[in-house]
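Everything in the sequence shown is counted per my numbering, starting at 304 for the first residue and increasing by one.
Note that the Cβ used here is the ideal one computed from N, Cα and C, for glycine as well.
Here the structure is laid out as structure tokens; the discussion comes afterwards.
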Amino acid sequence: MMATQKPGEWVQALISRFDAQLPIKTGLHTTQSIQNVEQNKECLINVSKYKFREVINGLTKTLQSVSSMRIIGPEAERNYFESQLIILDTLEQVLNSQPKDTSRLDEAIYVKLLLPEICKFLNQSTDTPNTLVLQLKNLSSKVLFALSLNNFGAVFNRISAKLTSLSSASDDPDLSDLELIQHINVDVLRLIKLFNDINSKFKFLKNKHVITLAYNLEKAIWMWMDNYPEEFTELQKKPNDELQDCCDKLFDQFNQCMENSKKKAAIWPLQMMLLVLCPKILEEINNADNGAPCSAQHLKKKHFIDEVKKAISPHHAGSKLTEGAAVTCVRLCKASTYISINDRLNVLFSLVQSVINDLKQLLFNPPPNTKPFSRGQSIVDLDLYNDCFVSCFRITPHNNDVLKVCLHPNSPPIYHFVLVNALHRIITQPRLPWWPNITIIYGKAAELRNMFTDTLNKVTQGMAAHTAPKSVGVFLPYLSFQTISKLTLQKINKTTDETMTTYRYLLLWIVRLIHDDPNLMLHNQGKPGHEVQSSTLELMNGLVSLVHQQCMPDVSSEGYGGIIVFTSARKHRVVESRITYSYILGCQKLIQRQLANYTDILKWLHEILVCRNIFLNKNSANANIGNNKTICIHIKLEVVFFMYLWSIDIDAVLTAMSCFSLLCEEADIRCGADEMAVTQILPNYNVYADLAQASTVLTTGRAALQKRIMALLRKIDQHTSGNSQAWDDTHRNWDLITQYLETFLKIPKVKMEECQAPGLGASNPIKRKPPHHASTEHELEDQLNEWANMTGFLCALGGVRLQNKPHRISATSIPSGLDSRKTSLMQSCGDSQYCPVTQFISNLLKLLVCQNEKFGAQIQKHVKELVGHELNPALFPILFDQIKVCVDKFFDPSGQVIVTDLNTQFIENVIFIMKNILEIKTDQPCDNVGVTSIESLMLAIVRYVRHLDSTVHAIQIKIKLCQLVETMMQRRDDLTFRQEMKFRNKLVEYLTDWIMGNSHQVNIGDICSMSRDLDQASMEAVAALLAGLPLQPEESDRGDLMEAKSQLFLK
304 MMATQKPGEW VQALISRFDA QLPIKTGLHT TQSIQNVEQN KECLINVSKY KFREVINGLT
364 KTLQSVSSMR IIGPEAERNY FESQLIILDT LEQVLNSQPK DTSRLDEAIY VKLLLPEICK
424 FLNQSTDTPN TLVLQLKNLS SKVLFALSLN NFGAVFNRIS AKLTSLSSAS DDPDLSDLEL
484 IQHINVDVLR LIKLFNDINS KFKFLKNKHV ITLAYNLEKA IWMWMDNYPE EFTELQKKPN
544 DELQDCCDKL FDQFNQCMEN SKKKAAIWPL QMMLLVLCPK ILEEINNADN GAPCSAQHLK
604 KKHFIDEVKK AISPHHAGSK LTEGAAVTCV RLCKASTYIS INDRLNVLFS LVQSVINDLK
664 QLLFNPPPNT KPFSRGQSIV DLDLYNDCFV SCFRITPHNN DVLKVCLHPN SPPIYHFVLV
724 NALHRIITQP RLPWWPNITI IYGKAAELRN MFTDTLNKVT QGMAAHTAPK SVGVFLPYLS
784 FQTISKLTLQ KINKTTDETM TTYRYLLLWI VRLIHDDPNL MLHNQGKPGH EVQSSTLELM
844 NGLVSLVHQQ CMPDVSSEGY GGIIVFTSAR KHRVVESRIT YSYILGCQKL IQRQLANYTD
904 ILKWLHEILV CRNIFLNKNS ANANIGNNKT ICIHIKLEVV FFMYLWSIDI DAVLTAMSCF
964 SLLCEEADIR CGADEMAVTQ ILPNYNVYAD LAQASTVLTT GRAALQKRIM ALLRKIDQHT
1024 SGNSQAWDDT HRNWDLITQY LETFLKIPKV KMEECQAPGL GASNPIKRKP PHHASTEHEL
1084 EDQLNEWANM TGFLCALGGV RLQNKPHRIS ATSIPSGLDS RKTSLMQSCG DSQYCPVTQF
1144 ISNLLKLLVC QNEKFGAQIQ KHVKELVGHE LNPALFPILF DQIKVCVDKF FDPSGQVIVT
1204 DLNTQFIENV IFIMKNILEI KTDQPCDNVG VTSIESLMLA IVRYVRHLDS TVHAIQIKIK
1264 LCQLVETMMQ RRDDLTFRQE MKFRNKLVEY LTDWIMGNSH QVNIGDICSM SRDLDQASME
1324 AVAALLAGLP LQPEESDRGD LMEAKSQLFL K
């Protein structure tokens, strides 16, 4: 249909679909909803290559629409921010793929619409840390960067207009447009254009605007150096006269504005960067220090350099200018790393050598009993420390003085934090060719492992037994909440102790470091084998312990990521394959469903097992070392994978299914070509392989996937500790959820008393709610659907939970016509009434008349259909026995029928279940429907139905019962009868009564129509019963046998 529409309408339809599936509209955060959003994003990005203007305009309007919405409550706020993040991320990718043939008019239109929206996000206050707001600002910066790449003129004009406005007489307090400077994409030509524009308007600017301008200009210079490092390198070789001229003017203009030390400190970093862009001027200043003449034009610049050197020296530490000097010298050192080490004659290296020792002394070696250097009110500038550490590493990679300070166990935690953050940057930042590699740090693996262990102990024990070293005293600094929030994009609870918060985030970054490069912790060159194994196990156990820290989900997530990378990087001796056991045996919390991010953890577990199988395959000759642990692992893994087959999260289900293939693969590795051994290790190998294969088939929804899973579970015929425990654990969960659903919105007392009618007693009200208590309608629906999945799972897999020890049954209790096959089956479940499966079936049958106002009808429907279609055939005998137990209660001690609405409803549902079961045709030569006789059950059901009134509903039940009888006779050869002739004759007698009874009734309307249907159904059932049946009247009629047979025949 869309193919015939205009392209513009098609794009609009895509935008509308994208908008409709945002979290603010759906409220969903499921894997499927996330996939839908990602697919829409990808589609829009592809379409934008051909319909760029339409896509950009549509996304901008969607962003405006979402931003204008009112939000109430934390959940709505989360959806609001996440929707904006999705739109901004899409915008960035669309802008980065902008076609080159976009017209100027189109650019002007969409920039005019989009730019104001982006500016709103950049101007949001972050005084109160909020993870999503910080993410929005960062993403908005990326959008503006992408926007300015092809539309620099529009963004530049806005900045220029703001400069003009600020230089006028008006007192405009809004400086937000000046902040655009730090986010735009500038190459050297654009940088010159920006500098020239500022130079032309600078003298009209008020002093209060200068510091903001300086801060943003310095950011712009670094943005240029990070994105165009080759231009900076070339500049150092071939100075740009035009750039030097405008930098020279800017330096002088800023110099004139410095009225006091505070302003000097704020402007110095920019002035240093302006001089860095003027290598000729710096060369002249540096030569002047060695006695060469210095021109009058540059004397002020030389004085600036001298003042910075003086302020950073230990003799002037603590002065008002020290802070500015520290920042300025760090910027100088960082800039020098962008110059190739082959150009050691560059003047920057000479300047760096004159200040670097004083800088390291100030930041990393403060005098005893003094706090480390901080800016402002004891707030540690983590970026400053990180820049200094990384710069020192790149300038003198083999000088370990700073590294030693940061690794020392008694150093303040700020230094440990700086170390792991700096190493993270060294590993992850795109490298320039001359930057040293992280491998230089590998020799410090033991110290890094000790730091990890020590920090982990402090976090997990709450620092109860860990006090600060006395030499540090009260000056032990910790990171501010604002610093941590900015660094980690995590919202911090201010009620948390700052000390604990510092160590927690130190732990997070250490684990990220393991994730980035596990060799930083694993390197053990030259160590004995037992030491290597011991240190590796200690590290692995530490990571495993983190996975279970649900109070720290970020650390837990990184811990699993670290385990995966750790496993992939492992290259130790064969015996160390046992290392993997420690974290696989940590599956207990998955089994108990105590992990909120269980889908992610399942995926991580899948990856771990992949790595483990690769390792076993490489060392297959020794793959069976530690066989007892292998058995324990298999039990745990089977339990986990089985229990997530009934999850409401389709992603978790598919992941669990796919994991079964890894169990099969491991069995193949351990057993080689010995198929017999494979089946001993993994008795249900073929079914597990089928489950894994089913996960790769395209599904049409959760219901279809669950139906496929249940069909495969019914094929499992081998009892294992794993599948048995999975059934038991699921059964416990099912009991809790069932009690909760049954008593939800407690039904009126009258109805509760009615539930207690003879035959079906309702379960007692439960005060305890399940652990996953749902509150919203959507959560309640999910709860019910997951309960239905559990029910189907228990029905389909129930065969493995039957008691596997045979129980002796007396020969007299077995009908003479029962063959040996049925005898063995009967023995296997002789005492099954005491097993959990019997309890489960009993409880299921009670739910056939669940009267809960909200869920009753849905529960009845689920139970009826699942028992009728998905029950494992091994459970048929128990089902029939339990139905008989229930139906027997519908008769009083004298044999009179007790007719109630609930009992009638139960009978109707049982007829449906039994008919569906008898209609099932299996490929197995053995069918469990014949293990127990259903004669007495069928007669009891017919006796009850005979006593129903002649209402439309009653006639419908009789019709269904007749159809059940006909189906039963079609399966006659598979069923067991104790007195078949007598049983069939009795049914003929009852059913013919219905035909004869209907012929004497005055039928009107629906009843008349239904009566004819009942006549037909009764006659078809009687015909099936009479086929090959000799007439056999009741024993009491033996006085005149021929007369009785004649009467029976006439009926």
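Does DSSP put Phe-1280 in a helix, a strand or coil?
-> Here residue 1280 corresponds to residue number 977 of the sequence shown, with the count starting at 1. Three-state DSSP puts Phe-1280 in coil, outside helix and strand.
N- and C-terminal bounds of the alpha helix (DSSP H) containing Leu-303 = Absent from the model: residue 303. The displayed extent of the chain is 304 to 1354, so no value can be given.
Under 7 Å, do Phe-1193 and Ile-1181 count as touching if we go by C-beta distance?
-> For this step, residue 1193 is matched to residue 890 along the sequence shown. For this step, residue 1181 is matched to residue 878 along the sequence shown. Taking 7 Å as the Cβ cut-off, Phe-1193 and Ile-1181 do not qualify as a contacting pair.
Excluding the 5 residues preceding and the 5 following His-1165 in the sequence, name in chain order all residues of the same chain whose CB lies nearer than 7 Å to its CB.
-> In the sequence shown, the residue the question calls residue 1165 occupies position 862. Around His-1165: Ala-1091 and Thr-1094.
Opposing strand residues paired with Val-1200 [DSSP bridges] = Along the sequence shown, read from residue 1 onward, the residue named residue 1200 stands at position 897. Answer is Phe-1194, bridged to Val-1200.
How many whole angstroms separate the CB atoms of Asp-609 and Cys-581, which I take to be in contact at a CB cut-off of 8 Å?
-> On the sequence shown, position 306 is the one that residue 609 refers to. On the sequence shown, position 278 is the one that residue 581 refers to. Not confirmed; about 17 Å, so no contact.
Looking at the unbroken alpha helix (DSSP H) that takes in Gln-656, where does it start and where does it end?
-> Within the sequence shown, the letter at position 353 stands for residue 656. Start and end: 650–667.
Under 7 Å between the Cβ atoms of Trp-527 and Val-489?
-> Taking the first residue of the sequence shown as position 1, residue 527 is located at position 224. Taking the first residue of the sequence shown as position 1, residue 489 is located at position 186. Against a cut-off of 7 Å, the Cβ pair of Val-489 and Trp-527 comes out as a contact.
Do Val-513 and Cys-560 have their C-beta atoms closer together than 7 Å?
-> The residue you call residue 513 lines up with position 210 of the sequence shown. The residue you call residue 560 lines up with position 257 of the sequence shown. Yes, the pair counts as a contact, with Cβ atoms nearer than the cut-off.
Below 8 Å, can you find three or more Cβ-Cβ pairs linking the stretch 801–814 to the stretch 755–763?
-> The answer is yes - the stretch 755–763 touches the stretch 801–814, with three or more Cβ pairs under 8 Å.
For the stretch 597–606 and the stretch 651–670, state whether three or more C-beta atom pairs, one from each stretch, are separated by less than 8 Å.
-> Judged by Cβ distances under 8 Å, the stretch 597–606 makes no contact with the stretch 651–670, as fewer than three pairs qualify.
Can you tell me whether Gly-311 is buried or exposed, with buried defined as 16 or more other CB within 10 angstroms of its CB?
-> Position 8 of the sequence shown, counted from the first residue, corresponds to residue 311. Exposed, because fewer than 16 other Cβ atoms sit within 10 Å of the Cβ of Gly-311.
Got a sec? Which residues, its chain only, sit under 7 Å from Arg-320 by beta carbon, not counting five neighbours each side?
-> The count along the sequence shown starts at 1 and reaches residue 320 at position 17. Answer for Arg-320: Asn-343, listed in chain order.
Taking just the CA atoms, how far does Lys-932 sit from Met-855?
-> Indexing the sequence shown from 1 puts residue 855 at position 552. Indexing the sequence shown from 1 puts residue 932 at position 629. Those two C-alpha atoms are separated by around 30 Å.
With a CB to CB cut of under 7 Å and the five nearest residues on each side skipped, what residues in its chain are close to Leu-1267?
-> If you number the sequence shown from 1, residue 1267 lands on position 964. The residues are Ile-1214, Met-1217 and Lys-1218.
Measure the alpha-carbon distance for Leu-494 versus Ile-524 and round it to whole angstroms.
-> Looking up residue 494 in the sequence shown gives position 191. Looking up residue 524 in the sequence shown gives position 221. Going from the Cα of Leu-494 to the Cα of Ile-524 covers about 8 Å.
Identify the continuous alpha helix (DSSP H) that holds His-1165 and give its terminal residues.
-> Sequence index remark: in the sequence shown, residue 1165 carries index 862 (1-based). It spans 1159–1173 - the alpha helix (DSSP H) in which His-1165 sits, taken as one unbroken run.
Return the first residue and the last residue of the alpha helix (DSSP H) that Asn-563 is part of.
-> Counting from one through the sequence shown, the residue named residue 563 turns up at place 260. Segment: none, Asn-563 is in no alpha helix (DSSP H) and carries neither H nor E.
List the endpoints of the continuous alpha helix (DSSP H) containing Asp-1085.
-> The sequence position of residue 1085 within the sequence shown is 782, counting from 1. 1080–1100 is the extent of the alpha helix (DSSP H) around Asp-1085.
Do the CB positions of His-1022 and Val-943 come within less than 7 Å of each other?
-> Position 719 of the sequence shown holds residue 1022. Position 640 of the sequence shown holds residue 943. Cβ atoms of His-1022 and Val-943: not closer than 7 Å.
Whose C-alpha, out of Ser-386, Phe-554, Asn-916 and Leu-1178, is nearest the C-alpha of Ser-964?
-> Against the sequence shown, residue 964 aligns to sequence position 661. Cα-wise, what sits closest to Ser-964 is Asn-916.
Determine the extent of the alpha helix (DSSP H) in which Arg-493 is found, giving its start and end residues.
-> Along the sequence shown, one-based indexing puts residue 493 at 190. Segment 491–504, the alpha helix (DSSP H) holding Arg-493.
Specify the secondary structure class of Asn-488 as computed by DSSP and reduced to three states.
-> Sequence index remark: in the sequence shown, residue 488 carries index 185 (1-based). Correct three-state label for Asn-488: coil.
In chain order, what residues of the same chain lie with their CB nearer than 6 Å to the CB of Leu-394, ignoring the 5 residues before and after it?
-> As a working mapping, residue 394 is identified with position 91 in the sequence shown. Cβ neighbours of Leu-394 beyond the five flanking positions: Leu-362 and Val-446.
Rounded separation between Ser-1314 and Ser-1239 - CA only = Translated into positions along the sequence shown, residue 1314 becomes position 1011. Translated into positions along the sequence shown, residue 1239 becomes position 936. Spanning the two alpha carbons is a distance of roughly 27 Å.
DSSP three-state assignment for Ser-444, whether helix, strand or coil = Within the sequence shown, the letter at position 141 stands for residue 444. DSSP places Ser-444 within a helical segment (H, G or I) once states are collapsed to three.
In whole angstroms, what separates the C-alpha of Asn-1175 from that of Cys-967?
-> Locating residue 1175 in the sequence shown gives position 872, counting from the first residue. Locating residue 967 in the sequence shown gives position 664, counting from the first residue. Answer to the nearest angstrom: the Cα atoms are 24 Å apart.
Inside the stretch 331–375 only - alpha helix (DSSP H) runs reaching at least 4 residues = 334–351 and 355–370
Rounded C-beta distance between Leu-1097 and Thr-1033? I'm assuming under 8 Å.
-> Locating residue 1097 in the sequence shown gives position 794, counting from the first residue. Locating residue 1033 in the sequence shown gives position 730, counting from the first residue. So it is a contact: roughly 6 Å between Cβ atoms.
So, Leu-919 versus Ile-972, is the Cβ gap smaller than 7 Å?
-> The count along the sequence shown starts at 1 and reaches residue 919 at position 616. The count along the sequence shown starts at 1 and reaches residue 972 at position 669. Cβ distance < 7 Å, so Leu-919 and Ile-972 count as in contact.
To which residues of the same chain is Asp-322 closer than 6 Å at the C-beta, ignoring the five residues directly before and after it?
-> Taking the sequence shown and counting its residues from 1, the one referred to as residue 322 is at position 19. Cβ neighbours of Asp-322 beyond the five flanking positions: Thr-365.
For Arg-1005, which of Phe-945, Glu-1089, His-937 and Ile-934 has the nearest alpha-carbon?
-> Stepping through the sequence shown from its first residue, residue 1005 is reached at position 702. Taking only the C-alpha atoms, the option nearest Arg-1005 is Glu-1089.
What separation, rounded to the nearest whole angstrom, lies between the Cα atoms of Phe-1179 and Leu-1221?
-> By one-based count along the sequence shown, residue 1179 stands at place 876. By one-based count along the sequence shown, residue 1221 stands at place 918. Rounded to the nearest angstrom, the two C-alpha atoms are 10 Å apart.
Do the stretch 434–449 and the stretch 384–400 touch if we need at least three Cβ pairs shorter than 8 Å?
-> yes
Could you check if Tyr-353 is buried or exposed, using at least 16 other CB atoms within 10 Å of its CB as the buried criterion?
-> The residue you call residue 353 lines up with position 50 of the sequence shown. Its Cβ having fewer than 16 others within 10 Å, Tyr-353 is exposed.
Contact between the stretch 1148–1168 and the stretch 1203–1212: three or more CB pairs below 8 Å?
-> yes
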